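When we follow the working numbering, the leftmost residue of the sequence shown carries the number 43, and every step to the right adds one. C-beta atoms are modelled at their ideal positions from N, C-alpha and C, and glycine is treated no differently. All values reported here derive from a predicted model rather than from experimental measurement. Below you'll find the structure, written out as structure tokens, and then a few comments.
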Amino acid sequence: MVVCRRRVSPDRLGRPAKIIGANRKNGRMALRRMDNVGIVVESLDAAIAFFAELGLELEGRSTIEGDWSGRVTGLRGQRVEIAMMRTPDGHSRLELSRFLAPPVVADHRNAPVNALGYLRVMFAVDDLDDTLARLRTHGAEVVDEVVDYENVYRLCYVRGPEGILIGLAEELGSEGS
43 MVVCRRRVSP DRLGRPAKII GANRKNGRMA LRRMDNVGIV VESLDAAIAF FAELGLELEG
103 RSTIEGDWSG RVTGLRGQRV EIAMMRTPDG HSRLELSRFL APPVVADHRN APVNALGYLR
163 VMFAVDDLDD TLARLRTHGA EVVDEVVDYE NVYRLCYVRG PEGILIGLAE ELGSEGS
């Protein structure tokens, strides 16, 4: 489901949808922003190339290790190579991680979309057809088909390298222009 920025869809009875606000603590917002979403991959280079083709910019690449990092994640002795990718608007980031130690213990890449846990990240694109053509050169495949959602969006899910699932949405009409 895509969250519309300019339009709030009514419920089935035609009433405007309710907007739920963030919790406040001592009169202030408890949350400042969403900093990043993380994806664990086998090939950091292939994932970087895929997301760069989508339009994200490589912000930095480094190896994370040491006692402090294991205390954060609960994986003592971890050694992880990461790449931070930034969206063109500069507001969101995607952290790609390749675990060198300990070895990866589970693989959810080919789980169906109704599996429990995190599903996908949705990206807004200017031209869905052009984006799909460029991503196909990196092994991307549309999960089923591109659909029109109420003449507001063209949407699809795409599996990229290693089965990474992302969503793509192109806003239709002059409202988003």
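Using alpha carbons as the reference points, say which of the options lies closest to residue i.
i: residue 75; options: 191, 158, 133; result: 133
i: residue 165; options: 100, 86, 208; result: 208
i: residue 116; options: 160, 90, 143, 88; result: 143
i: residue 154; options: 114, 186, 145; result: 186
Hey, residue i and residue j are a contact pair by Cβ (cut 8 Å); roughly how many whole angstroms apart?
i: residue 81; j: residue 206; result: 6 Å
i: residue 195; j: residue 162; result: With a Cβ gap of about 15 Å, residue 195 and residue 162 do not count as contacting.
i: residue 122; j: residue 93; result: That belief does not hold up - the Cβ atoms of residue 122 and residue 93 are roughly 17 Å apart, past 8 Å.
i: residue 95; j: residue 170; result: Residue 95 to residue 170, Cβ: 14 Å. No contact.
Here's a check: name, in chain order, each residue in its chain whose Cβ is nearer than 8 Å to the Cβ of residue i, leaving out the five neighbours to either side.
i: residue 78; result: 126, 134, 135, 136, 137
For residue i, which residues in the same chain have their Cβ closer than 6 Å to its Cβ, ignoring the five residues on either side in sequence?
i: residue 151; result: 204, 205
i: residue 101; result: 126, 128
i: residue 54; result: Its pLDDT being 48, under 50, residue 54 is placed unreliably in this model, and the value from its coordinates should be taken loosely. Nothing listed; no residue qualifies.
i: residue 183; result: 201
Leaving out the 5 sequence neighbours to the left and right, which residues in its chain are closer than 7 Å to residue i when beta-carbon positions are compared?
i: residue 214; result: 193, 194, 195, 196
i: residue 97; result: 130
i: residue 104; result: 124
In this structure, does DSSP put residue i in helix, strand or coil?
i: residue 166; result: strand
i: residue 73; result: coil
Pull the bridge partners of residue i from the DSSP assignment, please.
i: residue 175; result: Answer by DSSP bridge pairing: none, since residue 175 is not bridged.
i: residue 37; result: With the chain running from 43 to 219 in the structure shown, residue 37 is simply not present.
i: residue 243; result: Outside the modelled stretch of the chain, which goes from 43 to 219, sits residue 243, for which no answer is possible.
i: residue 190; result: 196
i: residue 99; result: 128
i: residue 81; result: 138
i: residue 183; result: 201
Does the CB of residue i have a neighbour CB from chain D at under 9 Å?
i: residue 164; result: Absent from the structure is chain D; it holds one protein chain and no more.
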